[in-house]
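J.: Residue numbers (the working numbering), protein chains in the order written: chain A, 1108 to 1530; chain B, 134 to 449; chain C, 685 to 1017. We put the CB at the ideal spot given by N, CA and C, even for glycine. Only a predicted model underlies this, so the values are computations on that prediction, with no experimental measurement involved. First, the structure itself, so that you have it in front of you.
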Amino acid sequence: MSTNDKGFSRRKFLGGSAVALTAGTLGMPFVRTARAQAATFKAGVITSLSGDNILGGNLTKRGYDLWADAINAKGGVEVGGDRFKVDMSYGDDQSNPATGADAAERLIVQNEVDVLFGPYTSGSTIAVQPICQKYQVPMISGSAESPNVWKAKPEFNFGIIPSVDTTSGMSLAVLAKLSNPAAKTIAVIGVNEPFSKETGEGFRDGVKAAGLEMVAYELVPPEGDLTPVISKIAALNPDVIAVGGHEEPLINVVKTCKSLNYRPKALIMHYGVTNPAFAQALGADADGTTGVAVWLPTVPYKDDLFGTAKEFAEMAQKKSGQEPDYTEAGCAASGLVLGDALKRLGKKPALKPEDRVALKDAIAETDIHTFYGPIKFEKEGPHYHDNTQPVPVLIQIQGGKTIAVGPKEAAAAPFIYPLPAWK
Amino acid sequence: MPSRPCGLAAVKISAFPFSSRRTVAALDLFLQTLLNGLLIGGVIATFTIAFQLTFGVLHVIDFAVGGWVVLGGYLGYFMAAGLGVDGFLAIPVAFVLFGILGYLIGPILYNVRNSRTARPELMALALTFGLFTLLRGGMLTFWGFNTHSVPTALSGESFTVGPVTVPLIRVAAAVFAIAIAGGLFLFLYRTRYGLAIRATAENRHNAALMGVNIRRLSANVYGLYAGITAMAGVLMGSIYSVNPEVGLRYTLFAFFVAVLAGLGSVGGALVAALMLGVIEAFVSTYVGSSYSLLAIFTTLFLVLLISPKGILRRGL
Amino acid sequence: MAEKSVKSRLPGLLLLAVILVALALMPLAVNSYWLRIATGALMWAGLACSWNILGGYAGYINFGHSAFFGLGAYASALLMGDPFGLPFLATIPAGMLVTALFAVIIGAPTLRLRGAYFAIATWAFAEVLIQFASVMDFTGGIGGIGLPPYLNERFFYYAMFGAAILTYLLTWALFEHSRFGLKVKALRDHEPAAEAMGINTSLVKLQTFVISAVTASVFGAIFAYWVTFINPKSVFGGDITDQMVVMVLLGGLGSLWGPAIGGVALFIVNRMVWMYWGDTAFYIAVLGAAIVLVVLFLPNGIAGLFAKRAKSATVLEKAAGKLDGSGGEGGRP
């Protein structure tokens, strides 16, 4: 260790700093942070702000914030004639369920939130549910779509989006009906990671009901190269290819298909297509890709806070520069559920623990119509506490824009089938 | 009647709808799979060849290799999106820009690797890991999390040779890999400076005695490696896509190819990369895509046990 | 070390006693959230120690240590579920046995490799396990496995505390204060010379490898039950091993308390940065910068700051008597 003339020892400095830092961190538990004195409702947002799921995580945060900003601009949630603002705090699950559980505990214990807004991924949601149960704090999840979330019968969790096993299968039926000449065969690719795999399985399970024959079901590792799988499928020449995965592999599928000069008659993906980053990365090559959405800016729903779906989309676009997808919308709708439940509950902040249990019961009775669509939670069955009301809309990217193409009642443009050869 | 094809092509063809054309279709798939495998190998080789130099000369396994790849990809994206140019133009820019950056960082790595602390090789690895994490965090913070693509003239283009479709951009990557390997070969074996590099890799003590400035040479080599890897990154951004989280994947593959080839062996890297590519393609097509990486990592593990100096026994 | 009198070690022992008592009483003093943090910190301190057994004392850098953590986790998850339905505590020895088996089978051939090759081979092994767990059905595939929820936070705190104490005790007994420990350190310092002195290095290495593996598996088992849900990446992932390695480096490689210091410090910093900068990815950059700074300015770890300034000769040098004082290549300052 070096010492200079003045006797300053680097070692002593570092040692002293280390001791100070240690003392500081050990003292942390005993420091109470000052809290805002105004009466507000407190909500905690758990989402993925880093790690693999950072893309989706930020979308959910945007959605929850949109609601908070909108309601606070009006003065807050209305309870018994008065208005109370909502105070939002955040926890990053680092795309990791264990960290999600930590985040939940911190928000509940440290920040004393009245309600949680749920994580982006189903894995985190499942890990957080027992924490909600333990502390008896309700959670509203604007994003989780895995059927496993609801199979666990969570008393304190409610989901806005219908789970993927219902939507992906239904969407194939819609596609098959729209195809002319009728599609007969399908190959399904699922990326072997949580949720993507369930989407793939949802497609696989919906094949029969859609009247299609499945010629291949391929589970691919997220880091793998896609040329062998695409070549194999191309050799089987199915009419439709369905892919369950998030943005990055979906982009890679399209690129790989083009580089092998292979164009199926229809390419359907679930989530990710509705994400603007997908079309931005692929440019003109994104055209023709079909996706599933439970909400679009063009759906004919509205409510008092956000107006029509279109108005919501315009507002969101202004704030973030990107058109909102259904995750962002679902998260904003979560706030509407909270606002409505608090109103019916009739209790003013600060809420006591038994009030939060009552809040949970109030949420269970939700039956509202929003810009997102109707929201009502199942009371029993495999989709317990999931909102299965919305009907999935088939969308297709045409001219760089996401357009609703089916079912017929919701279609804004004809479904392009079969897809033309690559340019 | 054509004779039944033997070997792998005979497996798993029951799904074909037209049994009278079975054997021809099976052969087509076999050929396409072989080509796919070789091209995957070529792609992997682009970012693993120069990586060998780092170990050979600096005796450091650079965890940050994936970081250089992603940086190159981002450069390609920014140039294409910002200046409207073809992504290929980013390749020489990447070499210069990241070559200089690598040249500046090299000496730090050298110092740590040759310091007198306990376990300097672990310290150097930890440093490169810290660097990689810093790069990843920085990219996430300043450039965001969205996935981007590098558009080039060859993106998505292909040509057909008989039953086989050949993606052009991957051919470009393979050509790049061969050019780099060839260029490095000429450089290492036909120039004085290359001789100095080889001497240092073999026995740095003696090389120093012969007058080689090890420190300066290490900095140059690291810069060269960073530049080449970033160039490969531009291509990766075009073939696949780029976001801050994919860097780890490239580090993983680079490490594994390096070991398979024998740490420090530049020539072995090409062979090892091709081998891994072919394994990935065939396992993916004929066994099941979910098993492809399992097969690769198992192969790596077995090679390490049976022939630790790499398949060609050229490792240091 | 044996030369130190009890008197001179008294302050250290007293400090240790105070810390242990404080830790034992912690559940009574802090709220649930901080208890959770403390539980996590204890786990990481224990894991860092486990890694240090092989990395610091034997000098073999294991880049796939999370494999053993994960094996313990999956053993508990599988044995507590259908059709076995075992109680949690019974799954721990079972997991330890399975891990020991894996360690012997993998360790025997892998330990023949040196340095970088060993590191990458162990990393490959961990990746193989991730892939295997991801594609097999009985492991729940990529979706993972859930465990029956048990929400008693004190139980888990004391479980981790107990496991950590036992791990450190074992390390102290086997590696700091026994002939076995001398053999291990001898082979770290100069393996061929140790062989020449008659030490059965293959056996010693393997034993150390197994001990390191089994201790990690215990933490994996408790972790799985604590978090109630595991999947391949969450227990076999490279980021777990990375954390362990950085913690040991930060604390001081090869020292007894280094891993504890490094483990607790890094975990707390991680959580604090996450709390205060949680809504951006900036903290990853901060972590990376911290690692770089530690390597550049604190290479012997925090423990190294408190180590005696006097040159500590290698074990071999001590055992073989005075050498000609040149210190050897790569020796400690």
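Roughly how many angstroms separate the alpha carbons of Ala682/C and Ala1234/A, rounded to a whole number?
T.: Any property of residue 682/C remains undetermined from this structure, which presents chain C solely from 685 to 1017.
J.: Within 10 angstroms of its Cβ, does Thr806/C collect 16 or more other Cβ (buried), or is it exposed?
T.: Walking along the third sequence from the start, residue 806/C turns up at place 122. Buried is the call here.
J.: Is any beta-carbon of chain B found at less than 8 Å from that of Val1464/A?
T.: The count along the first sequence starts at 1 and reaches residue 1464/A at position 357. It does not: the Cβ of Val1464/A has no partner Cβ on chain B nearer than 8 Å.
J.: May I ask which residues mark the beginning and end of the alpha helix (DSSP H) holding Tyr758/C?
T.: The residue given as residue 758/C occupies position 74 in the third sequence. Segment Ser750 to Met764, the alpha helix (DSSP H) holding Tyr758/C.
J.: Quick one: using the 10 Å Cβ neighbour count with 16 as the cut-off for buried, is Arg1213/A buried or exposed?
T.: Counting from one through the first sequence, the residue named residue 1213/A turns up at place 106. Arg1213/A should be labelled buried.
J.: Look at the alpha carbon of Ala406/B and the alpha carbon of Val218/B, and state the distance between them as a whole number of angstroms.
T.: For the purposes of this step, residue 406/B is identified with residue 273 of the second sequence, where counting begins at 1. For the purposes of this step, residue 218/B is identified with residue 85 of the second sequence, where counting begins at 1. Spanning the two alpha carbons is a distance of roughly 31 Å.
J.: Where Pro876/C and Gly401/B are concerned, what is the direct C-alpha to C-alpha distance, given to the nearest angstrom?
T.: As a first step, residue 876/C is located in the third sequence; it is residue number 192 there, counting from the start. As a first step, residue 401/B is located in the second sequence; it is residue number 268 there, counting from the start. Going from the Cα of Pro876/C to the Cα of Gly401/B covers about 29 Å.
J.: Measuring straight from C-alpha to C-alpha, what distance separates Glu811/C and Ala761/C?
T.: For the purposes of this step, residue 811/C is taken as residue 127 along the third sequence, with counting starting at 1. For the purposes of this step, residue 761/C is taken as residue 77 along the third sequence, with counting starting at 1. Rounded to whole angstroms, Glu811/C to Ala761/C spans 20 Å at the Cα level.
J.: In chain order, what residues of the same chain lie with their CB nearer than 7 Å to the CB of Thr912/C, ignoring the 5 residues before and after it?
T.: Against the third sequence, residue 912/C aligns to sequence position 228. The residues are Gly830, Leu831 and Pro833.
J.: Does any residue of chain B bring its CB to less than 8 Å from the CB of Tyr801/C?
T.: Within the third sequence, residue 801/C is the residue found at index 117, counting from 1. Yes, Tyr801/C lies at the interface with chain B (some Cβ there is under 8 Å from its Cβ).
J.: For Ala994/C, which residues of its own chain have a beta-carbon under 7 Å away from its beta-carbon, when the five flanking residues on both sides are left out?
T.: The count along the third sequence starts at 1 and reaches residue 994/C at position 310. Confidence is the limiting factor: at Ala994/C the pLDDT is only 38, short of 50, which leaves the residue's position unreliable and the question unanswerable from this model.
J.: Per DSSP, which one or two residues make a beta bridge with Lys1409/A?
T.: Counting from 1 along the first sequence, the entry for residue 1409/A is found at position 302. Answer by DSSP bridge pairing, in chain order: Thr1415/A.
J.: Using a Cβ distance threshold of 8 Å, determine whether the region 838-850 of chain C contacts the region 708-719 of chain C, with at least three qualifying pairs required.
T.: These segments touch.
J.: For Leu1326/A, go through chain B and note every residue whose CB falls closer than 8 Å to its CB, in chain order.
T.: Mapped onto the first sequence, residue 1326/A falls at position 219. Within 8 Å Cβ-Cβ: Gly421, Ser422 and Ser423.
J.: If you draw a straight line from the alpha carbon of Phe303/B to that of Phe1224/A, how long is it in whole angstroms?
T.: Locating residue 303/B in the second sequence gives position 170, where the first residue counts as 1. Locating residue 1224/A in the first sequence gives position 117, where the first residue counts as 1. A small fix is needed here, since residue 303/B is Arg in this sequence, not Phe. Cα to Cα, Arg303/B sits roughly 44 Å from Phe1224/A.
J.: Below 8 Å between beta carbons: does that hold for Ala183/B and Thr362/B?
T.: Within the second sequence, residue 183/B is the residue found at index 50, counting from 1. Within the second sequence, residue 362/B is the residue found at index 229, counting from 1. Cβ atoms of Ala183/B and Thr362/B: closer than 8 Å.
J.: Check each residue of the region 1323-1352 of chain A: if its Cβ is closer than 7 Å to any Cβ of chain B, include it; give the result in chain order.
T.: Listed by position along the chain: Ala1323, Glu1325, Leu1326, Val1327, Pro1328, Glu1330, Gly1331, Asp1332, Thr1334, Pro1335, Val1336, Ser1338, Lys1339, Ala1342 and Leu1343.
J.: So with CB distances below 7 Å, who are the chain B contacts of Thr925/C?
T.: Within the third sequence, residue 925/C is the residue found at index 241, counting from 1. Simply none; closest approach about 11 Å.
J.: Between the C-alpha atoms of Gly1183/A and Ile1470/A, what's the straight-line distance to the nearest angstrom?
T.: Counted from its first residue, the first sequence places residue 1183/A at position 76. Counted from its first residue, the first sequence places residue 1470/A at position 363. C-alpha separation (whole angstroms): 18 Å.
J.: Pick helix, strand or coil for Phe434/B, following the three-state DSSP scheme.
T.: Within the second sequence, the letter at position 301 stands for residue 434/B. Correct three-state label for Phe434/B: helix.
J.: Where does Lys867/C land, buried or exposed, given buried means 16+ other C-beta within 10 angstroms?
T.: Translated into the one-based positions of the third sequence, residue 867/C becomes position 183. The residue is buried, with at least 16 neighbouring Cβ atoms inside 10 Å.
J.: Can you find a CB in chain C that lies within less than 8 Å of the CB of Thr431/B?
T.: Sequence index remark: in the second sequence, residue 431/B carries index 298 (1-based). Yes, contact with chain C.
J.: Could you check whether Leu208/B and Ala310/B sit closer than 8 Å to each other, using their CB atoms as the reference points?
T.: Working through the second sequence from its first residue, we reach residue 310/B at position 177. Working through the second sequence from its first residue, we reach residue 208/B at position 75. No, they are not a contact pair.
J.: Looking at chain C, is there any beta carbon in it that lies within less than 8 Å of the beta carbon of Gly1164/A?
T.: Taking the first residue of the first sequence as position 1, residue 1164/A is located at position 57. Chain C contact via Cβ: absent.
J.: Would you report the Cα separation of Ala394/B and Met369/B, rounded to the nearest angstrom?
T.: Within the second sequence, numbered from 1, the residue matching residue 394/B stands at position 261. Within the second sequence, numbered from 1, the residue matching residue 369/B stands at position 236. Taking the straight line from one Cα to the other gives about 21 Å.
J.: Short of 6 Å in beta carbon distance, which residues of its chain neighbour Ala1517/A, apart from the five on each side in sequence? Order them along the chain.
T.: Locating residue 1517/A in the first sequence gives position 410, where the first residue counts as 1. Correct list, in chain order: Val1500 and Ala1511.
J.: Mapping DSSP to helix, strand and coil, what is Leu982/C?
T.: Reading the third sequence from its first residue, position 298 is the one you call residue 982/C. In this structure, Leu982/C counts as coil in the three-state DSSP scheme.
J.: Within the continuous beta strand (DSSP E) that includes Thr274/B, where are the two ends?
T.: One-based indexing of the second sequence puts residue 274/B at position 141. First-last for Thr274/B: Pro253 to Trp276, but that is the alpha helix (DSSP H), not the beta strand (DSSP E).
J.: Using a Cβ-Cβ distance cut-off of 8 Å, determine whether Leu1007/C contacts chain A.
T.: By 1-based counting over the third sequence, the position of residue 1007/C is 323. Unreliable placement is indicated for Leu1007/C, whose pLDDT of 37 sits below 50; no coordinate value is reported for it.
J.: Can you check DSSP and say which residues form a bridge with Asp1493/A?
T.: If you number the first sequence from 1, residue 1493/A lands on position 386. Asp1493/A pairs with Gly1266/A.
J.: I'd like the span of the beta strand (DSSP E) that includes Leu1374/A, first residue to last.
T.: Your numbering for residue 1374/A matches position 267 in the first sequence. Ala1373 to Met1376 is the span of the beta strand (DSSP E), which, as asked, contains Leu1374/A.
J.: Give the residues of chain B in contact with Ile737/C, contact being defined as C-beta atoms less than 8 Å apart.
T.: Walking along the third sequence from the start, residue 737/C turns up at place 53. Within 8 Å Cβ-Cβ: nothing; Ile737/C doesn't reach chain B, min ~15 Å.
J.: Against chain B, with Cβ distances strictly below 8 Å, would Ile745/C count as a contact?
T.: Taking the first residue of the third sequence as position 1, residue 745/C is located at position 61. With 8 Å as the cut-off, Ile745/C counts as an interface residue toward chain B.
J.: Specify the secondary structure class of Ala1511/A as computed by DSSP and reduced to three states.
T.: The residue given as residue 1511/A occupies position 404 in the first sequence. Three-state result, Ala1511/A: strand.
J.: Just checking: is the beta-carbon of Gly1249/A within a distance shorter than 8 Å of some beta-carbon in chain C?
T.: Position 142 of the first sequence, counting from 1, holds the residue named residue 1249/A. Cβ-Cβ to chain C under 8 Å: no for Gly1249/A.
J.: Using DSSP's beta-bridge definition, name the partner residues of Pro1481/A.
T.: Residue numbering aside, residue 1481/A sits at position 374 when the first sequence is read from its first letter. DSSP, once it has assigned bridges, lists His1476/A as partnering Pro1481/A.
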